[in-house]
Every structure is written in C-alpha cells, then in structure tokens.
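Numbering follows full-length UniProt numbering, in which position 29 of the sequence shown is assigned residue number 29; successive positions increment by one, without gaps. In this text, a Cβ means the ideal position worked out from N, Cα and C, and glycines have one as well. Remember, predicted model here, so these are calculated numbers, not experimental data.
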Amino acid sequence: MPAADAEAPQESAATKRRWPAGVGFALNVLVALLVVSLVQGFVVKVFNVPSGSMEQTLGVGDRILVNRLAYGGADPEPGDVVVFAAAGDWEPAAAPKGPLRRAAEFFGDLTGIGPASHHYLVKRVVGTSGDTVECCDDAGSVLLEGEPLDEPYIHNDYPFEPGVQDCTSDVRSLRCFGPLEVPEGSLLVLGDHRSNSADSVIGCRGRDPGDGECLRAVDADTVVGRVVLKIWPLGRDGLD
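What follows is the structure, given as structure tokens:
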C-alpha cells in the first residue's frame with residue numbers, strides 16, 4: 001500500500017477547537033444586538049407611537065422608523081413629523097421603576113422593542129425659530145407668517161363657524177390661538193388630531209390674542225429625527 005494511502009487524515013488545530021454548546025449562538029446574539037444598538041444609536045431608530053394625538057396619520061401603538069441623520073444640525077422644516085425627547089414642560093412625572101422594568105427599558109433602548117428609558121413624543125412641526133404662528137383666518141386655517149397652511153392631514157379639529165363661533169365671537173373657538181412667535185432654537189409642534197393633542201398651543205387655545213406666555217415650545221436640540229416610515233402594523237398607508 002502506498003505510504004500516502006496509509007496516512008490517516010489529520011485534523012487541523014482549528015477543527016479540534018470547538019465552542020461549547022450554546023456559546024456560538026450566544027456570541028451571534030450579542031453581535032446582532034451590538035449591530036442593532038449601533039444602528040439605532042446613530043442612523044435610524046424604531047419608536048412606538050404612545051398616543052392618538054397624531055391620528056389618522058399615526059395610530060396608537062404604530063411602530064415608526066426615525067431617521068437620526070435627517071437634519072445634520074439644521075432645524076426641521078414645517079410639515080415634518082418628528083420624534084423628540086420629552087424635557088422641561090413636556091416631561092411627565094417620574095414613576096418608580098423596579099428591576100424588571102429597568103431591564104425591559106434597557107432592552108427597548110437597544111432594540112426598539114418594548115419600553116424605552118426616556119419618554120418620547122411624536123408631533124408635526126408647524127413653526128421654527130422666529131416664525132409667527134396663529135389661528136385662525138376666516139376659513140379656520142392655521143397661519144404661518146400670515147399665510148394659511150394647507151393641512152389635509154388634520155383629524156377632528158375644534159369647532160369653528162365664521163360669525164358664530166370663531167376668533168372674534170363672544171365665546172372664542174378653541175381652534176383659535178396666538179399670534180405666537182417661536183423662540184430661537186425652538187419649534188412649535190401640533191398633533192394632527194387637533195382636538196386630542198397636548199401640543200405646543202394646548203394652553204393658548206381660546207385665549208385672548210397676544211398671550212405668548214402660554215406657548216410650550218420644543219427645544220430643537222431634543223429632536224431625535226424625522227419620521228420616515230411606518231413599519232407596523234402592515235397595510236397602513238404611508239405618512240402624509
């Protein structure tokens with residue numbers, strides 16, 4: 001028999017070294033979580049819509065994809081739907097958290113699945129730094145720098161009837177507010193479901209004109225990014 005045929009096949013050192021059962025799977029999971037957390041931290045992030053204030057554009061529980069790179073230091077544009085971190089006047093009262101809740105929030109921050117450790121809100125930008133926003137004109141429209149906005153996405157606005165219940169009647173329509181000047185570095189945001197939105201002008205509605213102290217502006221630095229896609233549930237229409 002030839003010597004070559006007599007030699008038994010030799011296993012390489014790499015072949016002999018095998019991971020213990022389950023270790024390879026765990027490493028794959030850790031790598032996947034690392035990649036997801038990096039993508040969500042710097043590129044895009046998944047959020048859950050917390051309320052019905054953006055109906056019918058976004059529904060309660062919708063999963064949305066937010067582009068963190070949308071602005072690159074610039075301000076959002078009027079009409080953009082954005083996610084921002086609740087801070088200052090927007091921040092809800094803190095509730096006590098147990099270890100299980102903290103663990104769920106840590107996982108949610110990493111993956112976008114489950115609760116997050118911070119409170120985030122989603123609204124539509126109507127005015128940016130230095131803009132003057134008010135409502136309403138004779139047709140009941142919001143005015144940006146004196147020009148009426150075309151807002152086909154509005155759902156269930158407050159009642160407004162010229163000459164009966166408007167911005168000059170004895171009982172002012174709750175649709176009316178302002179004029180309000182947006183502070184530098186800030187945004188004025190509204191919900192598409194106008195009559196069910198605790199937004200920038202919730203404290204101004206129905207008040208006399210010129211009361212700018214009621215404005216609850218959003219610090220532009222708290223904006224996470226622009227909403228670009230609804231990813232769940234399937235079959236819903238895209239953003240307006």
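Val189 and Ile231 have their C-alpha atoms some 23 Å from each other. At least 8 Å separates the beta-carbon of Pro50 from that of Thr128. Within the same chain, Cβ atoms closer than 7 Å to the Cβ of Gln165 are found at Pro159, Val171, Ser173, the five residues on either side in sequence being excluded. In the three-state scheme derived from DSSP, where H, G and I count as helix and E and B as strand, Asn196 is classed as helix. Selection Leu100, Val122, Pro152, Val44 evaluated against Gly59 yields Val122 as nearest (Cα-Cα). Residue burial annotation: Thr57 is buried, with at least 16 other C-beta atoms found within 10 angstroms of its C-beta. Apart from the 5 residues on each side of it in sequence, Ser195 sits with its Cβ closer than 7 Å to the Cβ of Asn156, Asp157, Tyr158 in its chain, given in chain order. In the DSSP assignment, Cys135 falls within the unbroken beta strand (DSSP E) covering 132-135. In the displayed model, Leu180 falls within a strand according to three-state DSSP.
Closest in C-alpha terms to Arg216, from the list Asp89, Ser53, Gly140, Arg175, comes Asp89. When C-alpha distances from Pro162 are compared across Asp150, Glu145, Cys176, Gly98, the shortest belongs to Cys176.
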